[in-house]
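Chains as they are written, first to last, in our numbering: chain A, 33 to 267; chain B, 106 to 359; chain C, 197 to 565; chain D, -8 to 319; chain E, 23 to 309.
Ideal Cβ positions, reconstructed from N, Cα and C, are used throughout, including at glycine.
Quick caveat: nothing in here was measured; it's all calculated off a predicted structure.
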Amino acid sequence: MLDLENVSVKYGNFTPVEDINIRVDKGEIVVLLGANGAGKSTTFRTISGLKKTSAGSVKLENEPIHDQTPDRIVNKGIVQCAEDRKLFPEMSVQENLMMGAYVHRKRKAKIKQTLREVYELFPILYEKRKNPAGSLSGGQQQMLAIGRALMSKPKLMLLDEPSIGLAPLIVDQMFESIQQINREGTTILLAEQNAHAALAIANKGYVYENGKIVVEGSSEELFANEKVRKAYIGA
Amino acid sequence: MILETKQLTKQFGGLFAVKDVDFTIEKGKINAIIGPNGAGKSTFFNLVSGLYRPTAGQVIFKGRDISSLSANKVAKLGVARTFQTTNLFEQASVFDNVVVGHRLRTKSTLFDSIFRTRRLKREEEQCKEKAIQVLQFVGLNHAVDQRVANISQEEKKRVAFALALATDPEIVFLDEPTAGINPDETAELSELIEKMAEKGLTICLIEHKMQMIMNLAEQIMVLNYGEKIAQGPPDEINRNEEVIKAYLGGSTSA
Amino acid sequence: ACSGEEAGGNGEAVVNIGYTGPLSGAAAYYGENTLNGLEMAVEEINDEGFEVNGTTYTINLETLDDQYLPNEAAANARRLVQEHNTPIIFTPHSGGVKALQVFNEQENFIIGAYTSEPAITETGNSLTVRIPPSYAGYVEPFTKYMMDRFGNKLAALPPVTQYGKDWAEGLIPHWEDQGGEVVHNASIDFSKDTDFFTLLTNAIENDPDVMLVGGPSEPTAKVVQQARDLGYEGGFMIMDQAKLDEMKKVIGGSYKPLEGSIGTMPLVNANYPGTEEFVKKYHEKYDEDPGSEAGFHYVSMYIFVEAMKAAGNTEDAKTIYENIQSGLDGLPEDKKVYVIPGIDENGGFEINTRVAAVEDGEIVPIKVE
Amino acid sequence: MTSIFKSRNIVIGLILLAILFPFITQNEYFLHVMTLAFIWMIAVYGLNLLAGYTGYLSLAHAGFFAIGAYAFGLLTVKAGLGFWSAFIIAPMITTAVGFLIGLIALRTKEHFFAIYTLCVGYIIYLLVDKWEGLTGGVRGLIGIPAPSNIGPVNLSTPLAQYYFVFAILLLVILVIYRLIHSLTGRTFIAIRNSEDLALSLGISTTKNKLLSFVLSTFFAGIAGTLYACFIRFIGPDIGNINITFDLLTYMIVGGIGTLSGPIVGTLLIVWLSQNLQFLQDYRMLIFGPLLTLMVIFSPGGISGLFSQWYAKRNLKKSAKFTKAEEQV
Amino acid sequence: MDVLLQQLFNGLTVGSVYSLVALGLTLVYGILHIPNFAHGALYMIGAYITYTMMSSLGFHYLISLFISIIVVGFISVLMERLVFHPLKDSTPIQHKVAAIGMLLFLESLAQLIWGADYQQMETPFAQVIDLFGVTVTMQRLIIVITAVVAMILLYLFLKRTYTGATIIAMAQNREGAHLVGINTNKVAMLTFFIAGVLAALGASLTSPINLVFPSMGHLVILKAFVIIIIGGMGSIPGAILGGYIIGFSESIGATYLSSNYSDIISFALLVIILTIKPQGIFSKGEA
Ligand SMILES: Nc1ncnc2c1ncn2[C@@H]1O[C@H](COP(=O)(O)OP(=O)(O)OP(=O)(O)O)[C@@H](O)[C@H]1O
Ligand SMILES: Nc1ncnc2c1ncn2[C@@H]1O[C@H](COP(=O)(O)OP(=O)(O)OP(=O)(O)O)[C@@H](O)[C@H]1O
Ligand SMILES: [Mg+2]
Ligand SMILES: [Mg+2]
């Protein structure tokens, strides 16, 4: 479904992502592991078109998208839930969610439906639907960000470290909801520090080390891999 | 007991972000605050460090009521803090970021600056030495002259620590110091935190990473919907029904 | 030092004359008008040049923009003296004049001051010529005419410029001496007031018989128009900067709304010896009617030339200054756009003013004794 | 540290040049323009201290310049004070007003502050313009005395005034230089970068912002005073917003938040506009876009460009001083 | 003629114009988070274009007005593309300075093209009507009505349509808007277009009762700033309300206080308000 082929990205003369290949098949959950600054977010920004590739190609269902503008890419069904959330702070929670459905703006009924689903997934958002997003706590904002991403009913959803700053209980719920979202047919690409929980739900994973992919394989293989255990599962 | 809150309360519109919290922090210990998202942890920090005025209740630091003091006065008394989202002086070098940290311990006035008085020279030295010293302490000797914009997430956290330390605090509040940091780095940071405690600093941190908290903290307070639902040593907290229900859920080992 | 030296080898010598005035900013239009007058005169004069004891001279006009700012004017003047060693520098605003008076005596140049500010000639500066007439000449006939025709309740609405203020302050005392009463006094700022209705409403509220208005023709006309809209039926005293004929154009081609206005005789209607020709030439050159600024600068340039001839000197400001009276006397009839019999001891030109009023939609001259 | 002040001998060179300038050009007009430029520089340094180093763009600067000038004018002309006493008191008055306005203005931030000061500046201008009883309104003030002699030294000649103003400029630069490279300066820069953090580091932002603001008005006051006794006639225009925009242009073109910026920018623009006289009314057709292009392509201004180039050439040192050159 | 009534009406007229200008300013502020000092220049250009259409090309007033608002709309868009877009992630001060640069440029450009003197604009609607003792010219009625209609339309657009909402969304987080599939460039241009249109509309409406000259934008823009601060930066209703507050306080102030200081009134008002409430009165009033 999504193919990154020999993708490199540059910030000036510095290359945070170098010659990486990633393949995501329909219906999968794929996880990107890696230390800070390894290049995960940059990869995501590149897929979403917020950052241009310096080499290689990004293909969605075999058509290149790396030269497309972010909004086009969203229209094609790839939505990202970014690391730093990128909410609309002065808009109410509900308005934020509504904006999430921008690409479906024509289909009011469908939007209502999705909104209901999101509120079921994160009841706290319903409680705070009238509050400005900026007044939410760190974690609540994280949920809102994911909720907003869901609103566009994406084919492929990019989640950049969704568990940052979440309470353990919520983290578990979060990963459950991710699975649930996936079951309902959304393919998921996930960047995580919390390798343990991530690999538990993922089909396969890629491990970054300063900008390059050093290990890849099914979650079982990665679990088994000593290096990965030490570095990212901390066991 | 170095810092204590009495019936501390913060209200935003209708919502009680923090409600009637009594909390005492033992000198030289590592204290932790945990709780579900939106429990009021950061707000609690903002109250203690003077960025927010309490709606009701008091913050008492070394027997003195500081609830009505402005943030900079509180800092002068020896209360330092880091932010959930590290905000540093991106354009400046790590060193220059940290030098100002000690400004509050200096007396130089405009007059001194203009006439380059002995006092100014002395105090500038003092600030620079301090900066070097704390940067070494947090293990950033190698990055002293780099621009903050160019260093990694984890190094930024360390700079934030260094800044807090440069103010010669007696107590340091750390808001999710290891959020978005991978396990082995997390381990390194917790070592650093222990090292700070050994130096006689009192620590109070917010964290969600239970493993880390359990190894690190000597006392834990649990907030939920702004209210304190439990307080005590890790093992106790681990067993506390209410806490498990509200916060830990099934997997204690996330 | 260019003055007197051989220029372009065609056997003619050149006198540099300086000008610093507002050629940018809000007052640029005014500045350009003053300059037009000078340039026209210079062109004519240079046709055959003028002779000062033996040598034939032409004039080279050096112009600099000062954005109406005193400090710029001062800088420009220093530059003109330094680089072109100009014996005469024209400047059309009192700020500039005052800034120049700080050093014009040391630097030895004449200020051709186009401002009616009395102060500048009262400071006893020995090298300042005040070109325009003081409004004193208008005050008396205006007052008399208006009181006879409309009554003695005056609403003064001068523009906030120094010019406007001086005018009002010149007129109001006389008006009151003649048993008149000032029922409203507020100034209009054309560049700031977003709506004249507000001001006029207040003025008319005190139902005046006469209004004192002024400034450039367009805005003045606007004020007159809106006063009429608001149902005002009295007369208008129009300060000399605005020209009845220009106002007529703005208002829509008829003198009707201006019925019962008194103002300076439009240069086009004035019948001084040199006027008609001047207006004609000016029209050809800039295809618009000249205002008094242009007229006065035109004639003053000639006067200074005559003065140089009489002085037999093109360099020493003092000598030239001493000969201005003879310059006035020597002024050829056909150049008399205005008739200026003399210059007073303070250096102000003495000009007999011409006044006109609108009666039954016609411009009629008003006798001034 | 700015590259100009980096190497002592360049500085000394420049100072010598300035001292010899009158003898190089035997031209009173150049002297006049240069003296004015020095006066503007002093004002620009004030603006730069606040906008460049503390991060608060004040658009009331011309207002304070005018207050300085009028204070001096009124003290000498109307109150009949002696030159030197007026010369001391006028900047004081400006500073006092600055203090009061700062108290209120600094309750606002960023754009609010900019607009608030814009309006304050405009009010000052309107007051000067309309309050005829005091300021003489549009007529302005005449008869301001030239600097009276200091002992044998006669200050009434253009040459003497040139050196007089230059001396004061040097003093101002020295003060600013020391300020910026002292703890006070670091404090200002800290505030510029993040007020919340500064607060939590125990820095009283209110106090320091006020200090910076008051200082900037003080320099504006000095500049105004010098202007008054140099031109010896003042009208309301000197309080006009356009003057603020000019000063802003000097600062931006030269390099905001740099020490050499005000000098470079002012010299460049002042001399350009003297030589662009042939363009007369249309200077702004050039300076307007110049201003815009500058902030787009070289926010650090000319000094910024220079120091970048310098930094490239000399990477080792760069880390040390780019930060001072760093634009806001 | 009842003064109070008359002055209230005068205030209404001026207020309408202020509101229009302030609206554009506040919209752009929302998007850019910078006060667009060049907005006043757009206002001035708008007046001149209408003027030229009428005087040189002899078009009807309304046609000229229409052309003017379109042209200025595009000039405004151009400004976004060339100046503010390249600056989108730089500091507030840079934005302000860039805007000031544009202001200075456009003004001297206008002077180059149209000269520095006062121009005056004809209007086919000069008829004087007398509504119960209040003197009303047709033109003034048109000003008030057009302004009100324009505002209502704009408000509906922003509140009721998704496209409108995108403007507000983008104002709050550019990248966030990207991520939900909004084409932020389009939105930015749209906003600037609207702002330009409003400025030109205001100017073209008011010119016939006033004068046209290069610096005509200065005071209006200053007051527009006062207005959007009073109304809360970025707040639509705030801008409208603020506009009328200033309009009335000026005409009333000129009557019962002093007409010489009437300009100061609005600024004094602002200083007082910010002194009491540094964030503006309706600062919460996000549209
Ligand atoms: N705007 C930028 N300019 C320059 N360098 C950048 C920029 N953004 C990121 N980088 C660098 O690119 C590298 C990769 O960053 P990225 O955010 O992709 O890492 P990451 O794996 O997401 O780390 P984290 O786990 O902290 O999110 C890092 O070294 C970072 O410093
Ligand atoms: N400025 C504010 N205005 C209104 N409500 C606020 C504000 N700040 C926080 N809140 C509310 O107060 C509650 C506590 O917020 P706080 O940031 O303290 O939570 P937290 O414990 O830090 O959560 P997290 O672990 O996710 O950071 C939340 O419900 C939040 O919505
Ligand atoms: Mg990341
Ligand atoms: Mg928090």
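Under the three-state reduction of DSSP, Glu455 (chain C) is assigned to coil, being neither helix nor strand. Ser250 (chain A) sits in a strand when the DSSP states are folded into three classes.
Residue burial annotation: Ser229 (chain E) is buried, with at least 16 other C-beta atoms found within 10 angstroms of its C-beta. Spanning the alpha carbons of Phe432 (chain C) and Met343 (chain C) requires a straight line of approximately 11 Å. Look at the stretch 397 to 427 of chain C: it has no residue with a C-beta under 7 Å from a C-beta of chain D. Glu101 (chain D) places its beta carbon less than 9 Å from that of Pro114 (chain E). If you measure from each CB to the nearest heavy atom of ligand 2, the residues under 5 Å come out as A:Ser167, A:Leu168, A:Ser169, A:Gly170, A:Gly171, B:Phe117, B:Ala122, B:Asn142, B:Gly143, B:Ala144, B:Gly145, B:Lys146, B:Ser147 and B:Thr148. Of all residues in the stretch 298 to 332 of chain C, the ones placed with a Cβ closer than 9 Å to any Cβ belonging to chain D are Val298, Phe299, Glu303, Glu313, Ala315, Ile316 and Thr319, in chain order.
Considered as a whole, the stretch 213 to 290 of chain C harbours 246 to 248, 251 to 261 and 284 to 287 as its complete beta strand (DSSP E) runs of no fewer than 3 residues, in chain order. Taking the Cα of Asn18 (chain D) as reference, the smallest distance to any Cα among D:Pro149, D:Gly142 and D:Leu65 is reached at D:Pro149.
Taking a Cβ-Cβ cut-off of 8 Å, Tyr225 (chain C) has no neighbours in chain D, whose nearest Cβ is about 11 Å from it. Closest in alpha carbon position to Ile194 (chain D), among B:Thr114, B:Lys178, B:Lys300 and B:Glu312, is B:Lys178. In the DSSP assignment, the residues bridged to Met326 (chain B) are B:Ile138 and B:Gln336.
In the DSSP assignment, Met255 (chain E) falls outside any alpha helix (DSSP H) and carries neither an H nor an E. One finds nothing in chain E with a Cβ atom closer than 7 Å to the Cβ of Phe12 (chain D); even the nearest lies about 30 Å away.
For Lys349 (chain C), no Cβ of chain E is located within less than 9 Å of the residue's own Cβ. For Phe103 (chain D), the residues of chain E that pass the 8 Å Cβ criterion are Ile251, Met255, Leu296, Pro300, Gln301 and Gly302, in the order they occur in the chain. For a Cβ distance threshold of 8 Å, residue set Arg177 of chain D lies close to Val204 (chain B), ordered along the chain.
Taking C-beta atoms as the reference points, Glu131 (chain B) and Ile165 (chain B) fail to come closer than 9 Å.
Distance from the CA of Lys236 (chain A) to the CA of Glu93 (chain A), rounded to the nearest whole angstrom, comes to 19 Å.
For the pair Gly134 (chain D) and Ala332 (chain C), the Cα-to-Cα distance works out to about 26 Å. Chain order gives the chain D residues near Tyr264 (chain C) as Asp228, where near means a beta carbon separation below 7 Å.
Separation of the CB atoms of Tyr51 (chain E) and Ile204 (chain E) is rounded to 19 Å, and the pair is thereby denied contact status at 8 Å. CA-to-CA, the gap between Asp201 (chain B) and Ser226 (chain E) works out to about 54 Å. Counted as a single uninterrupted DSSP element, the stretch harbouring Ala199 (chain A) is not any alpha helix (DSSP H), since DSSP gives it neither H nor E. Rounded to whole angstroms, the gap between the alpha carbons of Met211 (chain E) and Met192 (chain E) is 12 Å.
Where Ile3 (chain D) is concerned, the enclosing alpha helix (DSSP H) starts and stops at Arg(-1) to Ile15.
Going by DSSP, Pro253 (chain D) is part of the alpha helix (DSSP H) stretching over Gly252 to Asn266. A straight line joining the alpha-carbon of Gln145 (chain A) with that of Lys185 (chain A) spans about 11 Å. DSSP, reduced to helix, strand and coil, places Gln297 (chain C) within a helical segment of the structure shown. Counted as a single uninterrupted DSSP element, the beta strand (DSSP E) harbouring Gly237 (chain A) occupies residues Lys236 to Glu241. Chain order gives the chain D residues near Arg274 (chain C) as Glu19, Tyr20 and His23, where near means a beta carbon separation below 7 Å. By DSSP's assignment, Ser130 (chain E) forms no beta bridge with any residue. At a beta-carbon threshold of 8 Å, the residues of chain E lying near Gln112 (chain A) are Leu201, ordered along the chain.
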